[in-house]
Amino acid sequence: MIQSSLQTKKRRGILGALAFTAVAIGLFWSLAIAPPDAYQGDVQRIMYLHLPSILTAYLSYFLVFVGSALYLWKREKRDDLLAHSAAEIGVLFTALTIIEGSIWGRPTWGVWWTWDARLTLTAILLLIYVGYLMLRSLVEDENRAASAAAVLGIIGFLDIPLIHMSVYWWRTLHQPPSILRPDKVPWENVHPSMLTALAISFAGFLLLYFYLLSLRYRLGEMREEIKARRLDRGW
Amino acid sequence: MEAWGFVSLAYGIVWGAILVYLILLKRRYMNAAAELDTLKSKEAASDAKK
Numbered sequence: 000m001i002q003s004s005l006q007t008k009k010r011r012g013i014l015g016a017l018a019f020t021a022v023a024i025g026l027f028w029s030l031a032i033a034p035p036d037a038y039q040g041d042v043q044r045i046m047y048l049h050l051p052s053i054l055t056a057y058l059s060y061f062l063v064f065v066g067s068a069l070y071l072w073k074r075e076k077r078d079d080l081l082a083h084s085a086a087e088i089g090v091l092f093t094a095l096t097i098i099e100g101s102i103w104g105r106p107t108w109g110v111w112w113t114w115d116a117r118l119t120l121t122a123i124l125l126l127i128y129v130g131y132l133m134l135r136s137l138v139e140d141e142n143r144a145a146s147a148a149a150v151l152g153i154i155g156f157l158d159i160p161l162i163h164m165s166v167y168w169w170r171t172l173h174q175p176p177s178i179l180r181p182d183k184v185p186w187e188n189v190h191p192s193m194l195t196a197l198a199i200s201f202a203g204f205l206l207l208y209f210y211l212l213s214l215r216y217r218l219g220e221m222r223e224e225i226k227a228r229r230l231d232r233g234w
Numbered sequence: 000m001e002a003w004g005f006v007s008l009a010y011g012i013v014w015g016a017i018l019v020y021l022i023l024l025k026r027r028y029m030n031a032a033a034e035l036d037t038l039k040s041k042e043a044a045s046d047a048k049k
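Keeping their order, the protein sequence lines are chains H and S. Quick note: the first sequence, position 221, residue 220 per numbering that gives the first Met the number 0, numbers continuous. Quick note: the second sequence, position 1, residue 0 per numbering that gives the first Met the number 0, numbers continuous.
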């Protein structure tokens, strides 16, 4: 038991070190090596944050979806814990995506915010998962809170395909994808050095995400253990 | 504001926020770990008395 816990800690430490290294290389590549964009200039470097952070948020909400569905099906606490942990980190990355987008929007569109379909749907996504976290803290009965949150977690995930398709379905200020396009392969459309910066930055975000998720999940496990031990002893 | 001003602002906010979240998460983690350890030693002491 103790040995397994130490091994998990060691693995988490390695993951943290890898994340730190990838983030540092990604930052250097994004800010110093990748060339400025032909139209937008240096301000386009915000893309190396913007795209990885929203993709990380999507991954997080996918885990909320999976954890929530499994919890409603099997009623196992670990699935609920995964969904709860992923939702918390997903909210962080969604909020950061909106902030980065706003900072990028000011010099390129001339406004900090506009009620564009993609922006509005992303703001709704953030509100749904902030609601998810609030629901968990407001409802006293833990099982009821977990079930209600699981339903919201599943419904909230349906917003992601809408966000992705919004630039095709509506006339929006937000540009359609430059990299993941159905008509072109990425390296035909984007400078290889820009693609490399994006790939390293994304790898850094992913490693960091799994590091944060493992910490947050373990925190949840410890809280559950504390509750169970207190209940067992009547303390 | 120049282009690099916007870039610095975005990078500063993002990495600052992630760092703050990491520090707060670590603090919550350490507090829970300490509470669990205390609880375990309290249990052990209570069992030893019996």
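All C-beta atoms in this analysis are idealised placements derived from N, C-alpha and C, irrespective of residue type, glycine included.
> Taking all protein chains shown into account, do 16 or more other C-beta atoms lie within 10 angstroms of the C-beta of serine 29(H), making it buried, or fewer, making it exposed?
Replying inline: The residue in question, serine 29(H), is buried, as its Cβ has 16 or more Cβ neighbours within 10 Å.
> Using the beta-carbon of each residue, which ones in chain S are nearer than 9 Å to aspartate 115(H)?
Replying inline: Residues of chain S passing the Cβ test: none, with the nearest at roughly 19 Å.
>> Taking 7 Å as the limit between beta carbons, can you name the residues of its chain near isoleucine 162(H), skipping five residues before and five after?
In response: If we look at isoleucine 162(H) and ignore the five residues flanking it on each side, its Cβ neighbours are Arg117, Leu120, Thr121 and Leu124.
>> Beta carbons nearer than 8 Å to chain S: which residues of the region 205-232 of chain H have them?
In response: Listed by position, the residues of the region 205-232 of chain H near chain S (Cβ gap below 8 Å) are Leu207, Leu211, Leu214, Arg215, Arg217, Leu218, Met221, Arg222, Glu224, Ile225, Arg228, Arg229 and Arg232.
>> Counting C-beta neighbours from all protein chains within 10 Å, is the total for alanine 44(S) 16 or more, i.e. buried, or is it exposed?
In response: Under this definition alanine 44(S) is an exposed residue.
> From leucine 26(H) to tryptophan 234(H), what does the alpha carbon distance come to, in whole angstroms?
Replying inline: For leucine 26(H) and tryptophan 234(H), the gap between their C-alpha atoms comes out near 49 Å.
>> When you compare the CB of alanine 94(H) with every CB in chain S, is at least one pair closer than 9 Å?
In response: Interface residue (Cβ-Cβ distance to chain S less than 9 Å): alanine 94(H) is classified as such.
> Does alanine 47(S) come within less than 9 Å of chain H when only Cβ atoms are used?
Replying inline: Not one chain H Cβ lies under 9 Å of alanine 47(S).
>> I need the straight-line Cα distance from aspartate 231(H) to serine 52(H), nearest angstrom please.
In response: Cα-Cα distance, rounded: 42 Å.
> Residues in its own chain within less than 8 Å of isoleucine 178(H) by CB, not counting five upstream and five downstream?
Replying inline: Within the same chain, isoleucine 178(H) has close Cβ partners Leu50, Pro185, Asn188, Val189, Leu194 and Leu197.
> Who are the near neighbours of glutamate 75(H) in its chain, counting only those whose CB is closer than 6 Å to its CB and skipping five residues on each side?
Replying inline: Result list for glutamate 75(H): empty, nothing under 6 Å.
> What residues match up with aspartate 36(H) in a beta bridge as DSSP calls it?
Replying inline: Bridge partners of aspartate 36(H) according to DSSP: Gly40(H).
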